[in-house]
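Asks: To start, I am sharing the structure in question, which I have written as structure tokens.
Residue numbers (UniProt numbering): 1 to 394.
Here it is, written out as structure tokens:
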């Protein structure tokens with residue numbers, strides 16, 4: 001028994017190292033493969049443009065089929081919720097936008113599609129370089145896709161003003177430094193972390209009551225109202241270095257920072273156990289159906305390693321494609337915003353029905369965040385054990 005336990009620990013250590021190595025290699029290869037044929041993409045997205053004459057790294061003078069000059073096009077990007085979004089911005093000789101196209105995006109496809117299926121982009125056509133068209137000022141974001149809407153507007157404005165200033169020689173308005181957005185959403189999140197951290201201790205008298213309170217707040221506030229739970233795509237985004245603007249997405253930093261800070265200090269996961277909205281939804285269903293922990297015997301280790309391998313593959317593919325959300329299979333948005341494919345709705349239905357009889361089936365057998373947090377915990381333990389041994393030897 002001791003031999004098996006020791007062997008298991010050695011295997012875990014080796015696999016942890018191999019996983020890190022695979023992720024590093026995937027990150028490097030993905031960076032090398034990310035070479036887009038911009039000219040072909042512009043022509044495909046903007047059929048009126050037939051000829052492009054390069055005048056800068058990502059700027060071109062453009063012509064129609066009769067080789068008549070149309071103006072200029074440039075590529076600009078802005079950070080959305082899932083990563084950078086690139087826009088091709090076509091501007092005439094007077095500094096007015098006459099065509100726009102998204103040529104590359106790391107946003108979750110379902111949210112970006114919401115924007116592209118509306119006339120949101122068409123509403124930006126005709127804007128002049130000195131116009132004010134930020135979200136909330138002359139431009140309304142598409143409901144449930146605010147971050148994608150904001151990224152499109154910011155990239156469009158940057159492209160328009162770049163051509164106006166650097167190519168046409170116009171004096172452009174000076175952008176004001178955006179104010180840091182700290183509101184109810186961020187306050188609620190910090191309070192949930194605080195309650196989860198202090199109330200999880202066994203000495204806390206009202207632990208059960210506090211936990212149900214945080215779960216219900218997480219369900220309705222983080223889930224249904226804001227729809228911003230912790231997802232695999234957020235972790236992939238962190239690995240890819242796609243850091244969103246702090247002023248507009250402080251919540252993103254607080255959520256990831258809070259999870260990893262508590263893990264580092266206390267080796268606990270207050271998010272999943274205390275206020276994960278999807279976990280709360282499963283527990284609510286469990287109360288209705290009397291759900292219990294169902295032992296699965298010898299299949300436990302099989303499911304554990306199957307999920308670990310699938311999650312590692314999901315991360316590797318996301319890094320290779322440089323798209324954090326491409327392999328994110330969670331059905332959170334399907335529940336909280338009724339957005340997703342037929343397959344996702346089918347999975348959601350199965351999970352919710354199973355939750356009536358099995359306690360947290362998604363969290364225990366399907367959630368990709370489990371292996372991620374387990375890996376982080378294991379690495380932390382390896383470091384702590386090594387530090388303790390070194391301290392004893394000294």
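Glycine is no exception: its CB is placed at the ideal position from the N, C-alpha and C atoms.
According to the Cβ coordinates, are residue 159 and residue 74 closer than 9 Å?
Replies: Indexing the chain shown from 1 puts residue 159 at position 159. Indexing the chain shown from 1 puts residue 74 at position 74. In contact: residue 159 and residue 74 (Cβ atoms closer than 9 Å).
Asks: So, using beta-carbon positions, are residue 240 and residue 314 closer together than 9 Å?
Replies: By 1-based counting over the chain shown, the position of residue 240 is 240. By 1-based counting over the chain shown, the position of residue 314 is 314. Not closer than 9 Å, so no.
Asks: Tell me which residue opens and which closes the beta strand (DSSP E) that residue 86 is part of.
Replies: The residue labelled residue 86 in the question sits at position 86 within the chain shown. Residue 86 -> beta strand (DSSP E) spans 84 to 91.
Asks: Would you call the region 326 to 339 in contact with the region 255 to 269, where contact means no fewer than 3 C-beta pairs closer than 8 Å?
Replies: Not touching, per the Cβ criterion.
Asks: Look up residue 98 in the DSSP assignment and say whether it is helix, strand or coil.
Replies: Position 98 of the chain shown holds residue 98. Note: residue 98 maps to strand in three-state DSSP.
Asks: Among 344, 340, 357, 280, whose alpha-carbon lies nearest the alpha-carbon of residue 290?
Replies: Against the chain shown, residue 290 aligns to sequence position 290. Of the candidates 344, 340, 357, 280, the one whose C-alpha sits nearest the C-alpha of residue 290 is 357.
Asks: DSSP three-state label for residue 378, please.
Replies: Working through the chain shown from its first residue, we reach residue 378 at position 378. Residue state, collapsed to three classes: helix.
Asks: Would you grab the beta carbon distance between residue 242 and residue 324 for me? Rounded to a whole angstrom, and I think it's under 8 Å.
Replies: Stepping through the chain shown from its first residue, residue 242 is reached at position 242. Stepping through the chain shown from its first residue, residue 324 is reached at position 324. With a Cβ gap of about 6 Å, residue 242 and residue 324 count as contacting.
Asks: Under the DSSP definition of a beta bridge, which residues are partnered with residue 79?
Replies: The count along the chain shown starts at 1 and reaches residue 79 at position 79. BP columns for residue 79 point to 84.
Asks: Name the DSSP beta bridge partners of residue 335, please?
Replies: Within the chain shown, numbered from 1, the residue matching residue 335 stands at position 335. Bridge partners of residue 335: none, in fact.
Asks: By Cβ distance below 7 Å, which residues in the same chain neighbour residue 231 in space, the five residues on each side in sequence not counted?
Replies: Counting from one through the chain shown, the residue named residue 231 turns up at place 231. Excluding sequence neighbours, residue 231 sits near 328, 330, 332.
Asks: If residue 89 sits next to residue 100, beta carbons under 8 Å apart, how far is it from one beta carbon to the other, in whole angstroms?
Replies: Taking the first residue of the chain shown as 1, we reach residue 89 at position 89. Taking the first residue of the chain shown as 1, we reach residue 100 at position 100. That pair is a contact at about 6 Å.
Asks: Is it buried or exposed, residue 206, if we count other Cβ atoms within 10 angstroms and call 16 or more buried?
Replies: On the chain shown, residue 206 is found 206 positions in, with the first residue counted as 1. Residue 206 should be labelled exposed.
Asks: Are the beta-carbon atoms of residue 91 and residue 123 separated by less than 9 Å?
Replies: On the chain shown, residue 91 is found 91 positions in, with the first residue counted as 1. On the chain shown, residue 123 is found 123 positions in, with the first residue counted as 1. Cβ atoms of residue 91 and residue 123: not closer than 9 Å.
Asks: Should residue 3 go down as buried or exposed, given a rule of 16 or more other Cβ atoms within 10 Å for buried?
Replies: Position 3 of the chain shown, counted from the first residue, corresponds to residue 3. Reliability fails at residue 3, whose pLDDT of 41 lies under 50, so the model's placement of it is uncertain and the value that follows must be treated cautiously. Flag for residue 3 reads exposed.
Asks: From residue 43 to residue 84, what does the alpha carbon distance come to, in whole angstroms?
Replies: Here residue 43 refers to the residue found at position 43 when the chain shown is read from its first residue. Here residue 84 refers to the residue found at position 84 when the chain shown is read from its first residue. C-alpha separation (whole angstroms): 21 Å.
Asks: Are the Cβ atoms of residue 361 and residue 282 separated by less than 9 Å?
Replies: Reading the chain shown from its first residue, position 361 is the one you call residue 361. Reading the chain shown from its first residue, position 282 is the one you call residue 282. Yes, these two residues count as a Cβ contact at 9 Å.
Asks: Taking all protein chains shown into account, do 16 or more other C-beta atoms lie within 10 angstroms of the C-beta of residue 86, making it buried, or fewer, making it exposed?
Replies: For the purposes of this step, residue 86 is identified with residue 86 of the chain shown, where counting begins at 1. Burial call: buried.
Asks: Within a Cβ cutoff of 8 Å, which residues of the same chain sit near residue 1, ignoring the five residues on either side of it in sequence?
Replies: On the chain shown, residue 1 is found 1 positions in, with the first residue counted as 1. Unreliable positioning characterises residue 1 in this predicted model, as indicated by a pLDDT of 39, which lies under 50. A coordinate reading is not provided.
Asks: Looking at the secondary structure, which residues open and close the beta strand (DSSP E) in which residue 52 lies?
Replies: Position 52 of the chain shown holds residue 52. 51 to 54 is the extent of the beta strand (DSSP E) around residue 52.
Asks: Considering only the beta carbon of each residue, do residue 130 and residue 97 sit closer than 9 Å?
Replies: Your numbering for residue 130 matches position 130 in the chain shown. Your numbering for residue 97 matches position 97 in the chain shown. The answer is no: Cβ separation not under 9 Å.
Asks: Would DSSP call residue 328 helix, strand or coil?
Replies: On the chain shown, residue 328 is found 328 positions in, with the first residue counted as 1. DSSP places residue 328 in coil when its eight states are reduced to three.
Asks: Starting from residue 355, trace the beta strand (DSSP E) in both directions and tell me its first and last residue.
Replies: Counted from its first residue, the chain shown places residue 355 at position 355. Looking at the DSSP string, residue 355 is not in any beta strand (DSSP E); the run it does join, the alpha helix (DSSP H), is 342 to 355.
Asks: Using a Cβ-Cβ cutoff of less than 8 Å, which residues in the same chain neighbour residue 55 once the five nearest sequence positions on both sides are dropped?
Replies: As a first step, residue 55 is located in the chain shown; it is residue number 55 there, counting from the start. Counting only Cβ-Cβ distances below 8 Å, and skipping sequence neighbours, we find 61, 72, 167.
Asks: Compute the beta-carbon to beta-carbon distance between residue 210 and residue 199, rounded to the nearest angstrom, for a pair I have assumed lies under 8 Å.
Replies: The count along the chain shown starts at 1 and reaches residue 210 at position 210. The count along the chain shown starts at 1 and reaches residue 199 at position 199. Their Cβ separation, rounded to whole angstroms, is 4 Å, which keeps residue 210 and residue 199 in contact under 8 Å.
Asks: Identify which residue in 233, 24, 192, 203 has its Cα closest to the Cα of residue 220.
Replies: Numbered from its first residue, the chain shown carries residue 220 at position 220. Nearest C-alpha to residue 220: 192.
Asks: What does DSSP give as the partner residues of residue 61 in its beta bridges?
Replies: On the chain shown, residue 61 is found 61 positions in, with the first residue counted as 1. Answer by DSSP bridge pairing, in chain order: 53, 72.
Asks: Using the three-state DSSP reduction, which class does residue 19 fall into: helix, strand or coil?
Replies: As a working note, residue 19 is residue 19 in the chain shown. Correct three-state label for residue 19: helix.
Asks: Would you mind reading off the limits of the alpha helix (DSSP H) that contains residue 362?
Replies: Position 362 of the chain shown, counting from 1, holds the residue named residue 362. Where residue 362 is concerned, the enclosing alpha helix (DSSP H) stretches over 361 to 365.
Asks: Quick check: the Cα distance between residue 447 and residue 178, rounded to an integer number of angstroms?
Replies: A query on residue 447 cannot be resolved here, the shown segment of the chain reaching from 1 to 394 and no further.
Asks: Please classify residue 105: does DSSP put it in a helix, a strand, or coil?
Replies: On the chain shown, residue 105 is found 105 positions in, with the first residue counted as 1. The answer is strand: DSSP assigns residue 105 an E or B state.
Asks: Hey, how far is the Cα of residue 154 from the Cα of residue 312?
Replies: The count along the chain shown starts at 1 and reaches residue 154 at position 154. The count along the chain shown starts at 1 and reaches residue 312 at position 312. Cα to Cα, the separation comes out at about 34 Å.
Asks: Between the Cα of residue 187 and the Cα atoms of 46, 217, 385, 372, which residue gives the shortest distance?
Replies: By 1-based counting over the chain shown, the position of residue 187 is 187. Checking every option, the nearest Cα to that of residue 187 belongs to 217.
Asks: Measure the alpha-carbon distance for residue 253 versus residue 383 and round it to whole angstroms.
Replies: Position 253 of the chain shown, counted from the start, is the residue given in the question as residue 253. Position 383 of the chain shown, counted from the start, is the residue given in the question as residue 383. Each residue's alpha carbon lies about 25 Å from the other.
Asks: Roughly how many angstroms separate the alpha carbons of residue 343 and residue 105, rounded to a whole number?
Replies: Here residue 343 corresponds to residue number 343 of the chain shown, with the count starting at 1. Here residue 105 corresponds to residue number 105 of the chain shown, with the count starting at 1. Those two C-alpha atoms are separated by around 23 Å.
Asks: Would you call residue 293 buried or exposed, if buried means 16 or more other Cβ atoms sit within 10 Å of its Cβ?
Replies: To locate residue 293, count along the chain shown from 1; it is residue 293. When all chains shown are included, residue 293 counts as exposed.
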